[in-house]
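Novice: Taken in order, these protein sequences are the chains called A and B. By the working numbering, the letter at position 299 of the first sequence is numbered 299, and the numbering carries on one by one without gaps. By the working numbering, the letter at position 83 of the second sequence is numbered 83, and the numbering carries on one by one without gaps. Quick one: the structure is below, and I'll ask about it shortly.
There are 2 protein chains.
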Amino acid sequence: MAHKLALIGFGVVGQGLAEILVNKKEELKTRYGFEGKIVAISDLHKGSLYDPNGLDIETLLSIVRETGKIDSYPDTPTLVRGWDSFKTICQSNADTVVEVSYTDVKTGQPAIDHCKAAFESGKHVVMSNKGPVALAYQELSELARKHNVRWGFEGSVMSGTPTIRLPLACLAGNEIREVKGILNGTTNFILTKMEEGMTYEDALSEAQRLGYAEADPTADVEGFDALYKIVILANVIMGVPLKREDVSRQGITALTPEDIAQAKAENKRWKLIARAKKEGDKVVASIAPEKVPLTDALAGITGATNAITYDCDLAGPITVVGAGAGKTETGYSILIDLINISRGQI
Amino acid sequence: MAHKLALIGFGVVGQGLAEILVNKKEELKTRYGFEGKIVAISDLHKGSLYDPNGLDIETLLSIVRETGKIDSYPDTPTLVRGWDSFKTICQSNADTVVEVSYTDVKTGQPAIDHCKAAFESGKHVVMSNKGPVALAYQELSELARKHNVRWGFEGSVMSGTPTIRLPLACLAGNEIREVKGILNGTTNFILTKMEEGMTYEDALSEAQRLGYAEADPTADVEGFDALYKIVILANVIMGVPLKREDVSRQGITALTPEDIAQAKAENKRWKLIARAKKEGDKVVASIAPEKVPLTDALAGITGATNAITYDCDLAGPITVVGAGAGKTETGYSILIDLINISRGQI
Numbered sequence: 001m002a003h004k005l006a007l008i009g010f011g012v013v014g015q016g017l018a019e020i021l022v023n024k025k026e027e028l029k030t031r032y033g034f035e036g037k038i039v040a041i042s043d044l045h046k047g048s049l050y051d052p053n054g055l056d057i058e059t060l061l062s063i064v065r066e067t068g069k070i071d072s073y074p075d076t077p078t079l080v081r082g083w084d085s086f087k088t089i090c091q092s093n094a095d096t097v098v099e100v101s102y103t104d105v106k107t108g109q110p111a112i113d114h115c116k117a118a119f120e121s122g123k124h125v126v127m128s129n130k131g132p133v134a135l136a137y138q139e140l141s142e143l144a145r146k147h148n149v150r151w152g153f154e155g156s157v158m159s160g161t162p163t164i165r166l167p168l169a170c171l172a173g174n175e176i177r178e179v180k181g182i183l184n185g186t187t188n189f190i191l192t193k194m195e196e197g198m199t200y201e202d203a204l205s206e207a208q209r210l211g212y213a214e215a216d217p218t219a220d221v222e223g224f225d226a227l228y229k230i231v232i233l234a235n236v237i238m239g240v241p242l243k244r245e246d247v248s249r250q251g252i253t254a255l256t257p258e259d260i261a262q263a264k265a266e267n268k269r270w271k272l273i274a275r276a277k278k279e280g281d282k283v284v285a286s287i288a289p290e291k292v293p294l295t296d297a298l299a300g301i302t303g304a305t306n307a308i309t310y311d312c313d314l315a316g317p318i319t320v321v322g323a324g325a326g327k328t329e330t331g332y333s334i335l336i337d338l339i340n341i342s343r344g345q346i
Numbered sequence: 001m002a003h004k005l006a007l008i009g010f011g012v013v014g015q016g017l018a019e020i021l022v023n024k025k026e027e028l029k030t031r032y033g034f035e036g037k038i039v040a041i042s043d044l045h046k047g048s049l050y051d052p053n054g055l056d057i058e059t060l061l062s063i064v065r066e067t068g069k070i071d072s073y074p075d076t077p078t079l080v081r082g083w084d085s086f087k088t089i090c091q092s093n094a095d096t097v098v099e100v101s102y103t104d105v106k107t108g109q110p111a112i113d114h115c116k117a118a119f120e121s122g123k124h125v126v127m128s129n130k131g132p133v134a135l136a137y138q139e140l141s142e143l144a145r146k147h148n149v150r151w152g153f154e155g156s157v158m159s160g161t162p163t164i165r166l167p168l169a170c171l172a173g174n175e176i177r178e179v180k181g182i183l184n185g186t187t188n189f190i191l192t193k194m195e196e197g198m199t200y201e202d203a204l205s206e207a208q209r210l211g212y213a214e215a216d217p218t219a220d221v222e223g224f225d226a227l228y229k230i231v232i233l234a235n236v237i238m239g240v241p242l243k244r245e246d247v248s249r250q251g252i253t254a255l256t257p258e259d260i261a262q263a264k265a266e267n268k269r270w271k272l273i274a275r276a277k278k279e280g281d282k283v284v285a286s287i288a289p290e291k292v293p294l295t296d297a298l299a300g301i302t303g304a305t306n307a308i309t310y311d312c313d314l315a316g317p318i319t320v321v322g323a324g325a326g327k328t329e330t331g332y333s334i335l336i337d338l339i340n341i342s343r344g345q346i
């Protein structure tokens, strides 16, 4: 039976998912019995469509590429236009809400309210937004449990690199005593360029030119992006209700070429390390530049790549390395949550 | 309900598992609802015990530590002694056979026959032996399916580092176009020491002194150990019935200090790379020393640590790094298979 999806938002991630559903249609059906059918899209700027029998994904993609909107999607006898996000969530026949709206990470809205509406109407939610997980994990996961639905957010940390599912599915039974990682690709790219001899300013310009850094790079270079991610990992993987204000934070803007050279002389490399460590029954968390010895798996992570090390009491330190962003990678993070919801797996 | 286990073999891995079951008893029950009860142990040299009501694990461990055998385990009204492995597999009331016998990797025996007996009597099997998976994956997995039981072998590649479960549970939906890795800790330790200036001979002696290499190091340094592991990954992860004779193999014994120095000058490092790559509809596999650029995640893997990179069409390259051996780590590999069998997860 097809898994019916309502997409709240149709930007980069939503389109990335839609492209995968088209390109991998037969393979997903044959190998995993998974058939994703988009029944609704509600996007504040691009328009809203609902057809309980399913929308044609190739048509949607070609229209949005040509016009930037979905309004010119052709009429069908069962097509409804103009539903807002909440009406789409509550009244569509979707099994799962794919929450990929533009969301303010500082408030987690409107995604938090979208989650609540979905859970209360008996629908699963899959998302890649960090805000709702970082700010409302305890409350939302409880609400999902109460309504017997699932909440997937693999993409909230390192896009399609399985930083959430790996520990839950593959490292169960371990006590994870520490999580530390390079959770922001922009800063790691800048630090790599500084090691190659660039100044901070030139490295930042290069990152902006390549699209790794935004015009206002504050969220990345001052460590806010990584901060949200370590809060998610502490809550979900370590089971501790850490809040963002509990995390000490320092970015990379104060690092000088002299600092870089000194680390090199000590056989170390500066990395912006996100860290959450159990101390007694609480977790101490920080974002800070650290000099990492070259023997540490994290020292070898260069460019925009991300990595996390889970310090497990039984399996030892386990590190996963992969992309931290990207249209297809983040689209994939939604897909893996959907596949595992549909096959009843973690 | 307790998950009843019959251990075939009670060497390092079996004892590693037993220690975890004692030390983590309450935590496993509370967090995963998992209670492992050892009802039988059959070991060619240490003796055989079967008690349908369960053996006392702490007593077993203290006896084997003191005497090297389990014969002096105290009598109980329901205790039976002396059953061989096949009788234990077929006639005990175990849910799962933990196959940790001493097995010849070249023939996969007696573990292959133990698997068959277990599946045919409706029991799951969990193991860390490479042989049966490398030599008989297609046949045994088919037999397990037919009898509606599970076969877990996470520990057959990189002990408790989840090289099997990670792609199956967390990377589903990707086509994995290539698997490449450092799958042998002994050779990676030797190469790391050679980079630090040692000759091959001195590095090998050091590895032997530290217990990383055996007196006859052939299986490691000539690449046989890595070869079995890449065969497993090709079969299980890439779904291709690759056989060991299909893999080209070259060890590290011919590498000279000059080779090491030259790689360094090129910003590269020699690594013994196990590789399986899709080319058209077949897989080409090799074990060979390769000069890996320092920008590759595998270049930073030093000492006895292992790592694998899965080249995924959607998620991009995903690398997992961790221990490749160890008593607790391999004991854990058995535990994670047991937990996931008992909770109905991959």
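The beta-carbon is built from N, C-alpha and C at its ideal position, and this holds for glycine as well.
Note the first and the last residue of the continuous alpha helix (DSSP H) segment covering A/P26.
Specialist: The question names Pro, but residue 26 of chain A in the sequence shown is Glu. Element bounds for A/E26: 25 to 32.
Novice: According to a CB-to-CB cut-off of less than 9 Å, which residues of the segment 320 to 332 of chain B neighbour chain A?
Specialist: The residues in question are V320, V321, G322, A323, G326, T328, E329, G331, Y332.
Novice: Counting contacts by CB-CB distance shorter than 8 Å, is A/I176 in contact with chain B?
Specialist: For A/I176, the answer is no, since every Cβ of chain B falls outside 8 Å of its Cβ.
Novice: If you scan the segment 72 to 121 of chain B from start to end, which runs of the alpha helix (DSSP H) of 4 or more residues do you find wholly inside it?
Specialist: Listed in chain order, they are 85 to 91, 111 to 120.
Novice: Counting only C-beta atoms, is A/E170 closer than 8 Å to chain B at any point?
Specialist: Reading off the sequence shown, one finds Cys at residue 170 of chain A, where the question assumed Glu. Yes, contact with chain B.
Novice: Closest by CA to B/S62, which one among B/Q15, B/L191, B/T107?
Specialist: Comparing Cα positions, the closest option is B/Q15.
Novice: Once the 5 residues before and after B/S248 are set aside, which same chain residues still bring their CB inside 8 Å of it?
Specialist: Same-chain partners within the cutoff: A285, S286, I287, A288.
Novice: According to DSSP, simplified to helix, strand and coil, what is A/N306?
Specialist: A/N306: strand per DSSP, three-state reduction.
Novice: Measuring CB atoms only, is the segment 229 to 236 of chain B touching the segment 333 to 341 of chain B, in the sense that at least three cross pairs come out at less than 8 Å?
Specialist: Judged by Cβ distances under 8 Å, the segment 229 to 236 of chain B makes no contact with the segment 333 to 341 of chain B, as fewer than three pairs qualify.
Novice: Within a Cβ cutoff of 6 Å, which residues of the same chain sit near B/K180, ignoring the five residues on either side of it in sequence?
Specialist: Closer than 6 Å at Cβ, skipping near neighbours: I273, R275, T309.
Novice: Show which residues of chain A have a CB atom less than 7 Å away from the CB atom of B/Y212.
Specialist: Within chain A, no residue comes near B/Y212; the closest Cβ sits about 15 Å away, beyond 7 Å.
Novice: Please give me, in chain order, every unbroken run of the beta strand (DSSP E) with length at least 3 that falls completely inside the segment 175 to 200 of chain B.
Specialist: The segment 175 to 200 of chain B contains these whole beta strand (DSSP E) runs: 176 to 182.
Novice: What does A/K36 reach in chain B if we use C-beta pairs closer than 9 Å?
Specialist: A small correction: the amino acid at residue 36 of chain A is Gly; Lys does not occupy that position in the sequence shown. Correct list: empty, because the minimum Cβ distance to chain B is about 10 Å.
Novice: Tell me whether A/L204 sits in a helix, a strand or coil according to DSSP, three-state version.
Specialist: Reduced to three states, the DSSP call for A/L204 is helix.
Novice: Are A/Y212 and A/T192 close, meaning C-beta to C-beta below 8 Å?
Specialist: Taking 8 Å as the Cβ cut-off, A/Y212 and A/T192 do not qualify as a contacting pair.
Novice: Interface residues of chain A around B/R150 at Cβ under 9 Å?
Specialist: Within chain A, no residue comes near B/R150; the closest Cβ sits about 14 Å away, beyond 9 Å.
Novice: Just curious, the beta strand (DSSP E) that B/K4 is in, first and last residue?
Specialist: B/K4 -> beta strand (DSSP E) spans 3 to 8.
Novice: What are the uninterrupted segments assigned as beta strand (DSSP E) that are 3 or more residues long and contained completely in the segment 265 to 328 of chain B, given in chain order?
Specialist: Listed in chain order, they are 268 to 279, 282 to 293, 306 to 312, 316 to 322.
Novice: Using the beta-carbon count (16 or more within 10 Å), is A/S128 buried or exposed?
Specialist: That one is buried.
Novice: Have a look at A/E26 and B/E175 and give me their C-alpha separation to the nearest angstrom.
Specialist: The straight-line gap from Cα to Cα measures roughly 13 Å.
Novice: For a contact meaning CB atoms closer than 8 Å, what does B/R165 contact in chain A?
Specialist: What B/R165 touches in chain A: A169, C170.
Novice: Expressed to the nearest angstrom, what Euclidean distance is found between the alpha-carbon atoms of B/F189 and A/N235?
Specialist: Spanning the two alpha carbons is a distance of roughly 36 Å.
Novice: Residues of chain A with a CB under 8 Å from the CB of B/L28: which are they?
Specialist: Neighbours of B/L28 on chain A, chain order: G173.
Novice: With a threshold of 8 Å between beta carbons, is B/Q345 in contact with chain A?
Specialist: By this cut-off, B/Q345 is an interface position.
Novice: Please list the terminal residues of the continuous alpha helix (DSSP H) segment that includes B/S159.
Specialist: Run containing B/S159: none; DSSP gives neither H nor E here.
Novice: Assign A/A254 to one of three DSSP states: helix, strand, or coil.
Specialist: A/A254 falls in the coil class under three-state DSSP.
Novice: Go through its chain and collect everything with a Cβ distance to B/V100's Cβ below 8 Å, but skip five positions before and after it.
Specialist: Here the set comprises L7, I8, G9, F10, G11, V13, G14, L17, M127, S128, N129, I334.
Novice: Between A/M194 and A/A203, is the Cβ-Cβ spacing less than 8 Å?
Specialist: Cβ distance < 8 Å, so A/M194 and A/A203 count as in contact.
Novice: Which of the three DSSP states, helix, strand or coil, is assigned to B/R145?
Specialist: Reduced to three states, the DSSP call for B/R145 is helix.
Novice: Does the separation of the CB atoms of A/A307 and A/L298 fall below 8 Å?
Specialist: Yes.
Novice: For A/Y32, return the contacting residues in chain B, with the cut-off set at a CB-CB distance below 8 Å.
Specialist: Here the neighbours are A172, G173.
Novice: With the cut-off set at 8 Å, would you say B/L242 and B/V292 are in Cβ contact?
Specialist: No, the Cβ-Cβ distance between B/L242 and B/V292 is not below 8 Å.
Novice: Of the choices A/A111, A/E178, A/Y332, whose alpha-carbon is the least far from that of A/V240?
Specialist: For A/V240, the nearest C-alpha among the options comes from A/E178.
Novice: Does the distance from the C-beta atom of A/N267 to that of A/D220 stay below 8 Å?
Specialist: Not in contact: A/N267 and A/D220 (Cβ atoms no closer than 8 Å).
Novice: Determine whether the beta carbon atoms of B/Y73 and B/L49 lie at a separation below 8 Å.
Specialist: It is a contact, given that the beta carbons lie within the stated cut-off.
Novice: If we ignore side chains and look at the alpha-carbon of each, how far apart do A/T96 and A/A226 end up?
Specialist: Cα to Cα, the separation comes out at about 28 Å.
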